Amino acid sequence: MASTLLTLVATFSLLFNSCYCFYPKLLNASLAASGESSDWSPAGATWYGSATGAGSDGGACGYGSGVEQAPFSAMVSAGGPSIYKYGKGCGACYEVKCSKTTNSACSGNPVTVVITDECPGCVSESVHFDLSGTAFGAMANPGEADKLRNAGTFPIQYRKVKCNYPGMTIAFHVDAGSNPNYFATLIEYEDGDGELGSVELKQALDTDSWQPMQQSWGAVWKLDAGSTLQAPFSIKLTSLDSHQSIVATAVIPAGWTPGQTYRSVVNFNA
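In mature numbering (1 follows the signal peptide of the UniProt record, and there is no 0), the protein residues as written are -21 to -1, 1 to 249.
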């Protein structure tokens, strides 16, 4: 009996004094207390174009020279296949940063970039950002942008964030190839997701029929009606991730012209 009691005492002692348990909530609390964020993920980064440029003149999303101007202001990136998403990733916003342990020129502070181009060969990592020279240099300490760009390729951290273009509404740039039977438009400056899952068009104000548009390429969506389209057009946009829908009512007026940009009065919630 005495030996049995000794065994029980030893067992309880081990239970109370030697617990190697894992508590995810405590780990998250520790991360928060240290100032680290658990929603950052690893990616690879390179840069292209001129050192202080916007990578390319618009790239595979179709934004043209707008990538150099506000609100993009050359803070843009080409995306590898997993974030370009065959063009559905155009307009998405991400924060990127690099660590001082990776390169002493890194500030460690995040900068926000917009996906405006494709990097089809960027497949050495599951996620890759081919940043503009401007965006790549923005991750550096003050005065060390060139030093960081000279490093070439290295690992970074990233996270998807909501796009926010204060004071701006969604714009529709009518494609130059549009005609009375075929309508295509570049859609830009979407707050929130930044990415579009679907686009629909409604002809003239007196119809209730929405017609689905197809993604033509990049951020350009099209409707090949096969018959004369009746303007004005209202356009319904549904975001890719949050599935939020908004309508730009009669945004394309009667008498619209190819090459013209028409600005709506709506935007998603940032």
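Glycine is no exception: its CB is placed at the ideal position from the N, C-alpha and C atoms. Every value quoted in this text rests on a predicted model; they were computed, and no experiment measured them.
Problem - Cα-Cα separation between A119 and A163, rounded to whole angstroms - result: Cα to Cα, the separation comes out at about 40 Å.
Handout entry: the stretch 82 to 93 contacting the stretch 42 to 61, beta-carbon criterion three pairs below 8 Å
Key = The answer is yes - the stretch 42 to 61 touches the stretch 82 to 93, with three or more Cβ pairs under 8 Å.
Exercise for the section: Return the first residue and the last residue of the beta strand (DSSP E) that A119 is part of. Expected result: Unbroken run through A119: none, as it is neither H nor E.
Exercise for the section: Could you check the C-alpha separation between G157 and C85 for me, to the nearest Å? Expected result: A small correction: the amino acid at residue 157 is Ser; Gly does not occupy that position in the sequence shown. Their backbone Cα atoms lie some 46 Å apart in a straight line.
Handout entry: Inter-stretch contact (C-beta, 8 Å, three-pair minimum) for the stretch 171 to 188 and the stretch 213 to 233
Key = At 8 Å Cβ cutoff, the stretches touch.
Problem - Other residues of its chain near N160: CB distance less than 7 Å, five sequence neighbours each side excluded - result: Excluding sequence neighbours, N160 sits near A204, G205, S206, T207 and L208.
Handout entry: S188 classed as buried or exposed, judged by whether at least 16 other C-beta atoms fall within 10 angstroms
Key = It is exposed - the Cβ of S188 has fewer than 16 other Cβ atoms within 10 Å.
Practice task
Using three-state DSSP, classify R242 as helix, strand or coil.
Solution key: Note: R242 maps to strand in three-state DSSP.
Problem - Same chain only: Cβ atoms within 7 Å of G238, ignoring 5 sequence neighbours per side - result: Answer for G238: V153 and A155, listed in chain order.
Handout entry: Own chain residues within Cβ distance below 7 Å of N88, not counting five before or after
Key = The residues are K76.
Handout entry: Run of the alpha helix (DSSP H) containing I62, from where it starts to where it stops
Key = Start and end: P60 to Y63.
Problem - Residue from G122, A150, S20 and A49 whose Cα sits closest to the Cα of S105 - result: Nearest C-alpha to S105: S20.
Exercise for the section: For the beta strand (DSSP E) containing Y27, list its first residue and its last residue. Expected result: Unbroken beta strand (DSSP E) run through Y27: S20 to Y27.
Practice task
Evaluate S103 with the Cβ neighbour count: other Cβ atoms within 10 Å of its Cβ, from every protein chain shown; 16 or more gives buried, anything less gives exposed.
Solution key: The residue in question, S103, is exposed, as its Cβ has fewer than 16 Cβ neighbours within 10 Å.
Exercise for the section: Quick one: using the 10 Å Cβ neighbour count with 16 as the cut-off for buried, is residue 277 buried or exposed? Expected result: Nothing in the structure corresponds to residue 277, since the chain is present only between -21 and 249.
Problem - Supposed contact pair G171 and K141 - C-beta distance, whole angstroms, cut 8 Å - result: Here K141 really is in contact with G171; their C-beta atoms are around 5 Å apart, less than 8 Å.
Practice task
Mind checking who T217 pairs with in its DSSP beta bridge?
Solution key: Answer is S177 and S224, bridged to T217.
Handout entry: DSSP state of residue 271 mapped onto helix, strand, coil
Key = Given a span of -21 to 249 for the chain in the structure shown, any question on residue 271 remains unanswerable.
Problem - Boundaries of the beta strand (DSSP E) in which S195 is found, first to last residue - result: Segment Q193 to W196, the beta strand (DSSP E) holding S195.
Problem - Inter-residue Cα distance where the pair is G100 and S221 - result: A direct Cα-Cα distance of roughly 29 Å separates G100 from S221.
Problem - Per DSSP, the bridge partner or partners of C142 - result: Looking at the DSSP assignment, C142 forms a beta bridge with G171.
Practice task
Assuming T113 and T31 form a contact by the criterion Cβ under 8 Å, report the distance between their Cβ atoms to the nearest whole angstrom.
Solution key: Contact annotation, T113 with T31: C-beta distance approximately 6 Å; criterion of less than 8 Å satisfied.
Practice task
Could you work out which residue in D125, A57, S78 and T236 is closest to A210 when comparing CA atoms only?
Solution key: Closest option to A210, Cα to Cα, is T236.
Problem - Own chain, CB closer than 7 Å to T228, minus 5 neighbours either side, in chain order - result: Cβ neighbours of T228 within its own chain (closer than 7 Å, five residues either side excluded): S213.
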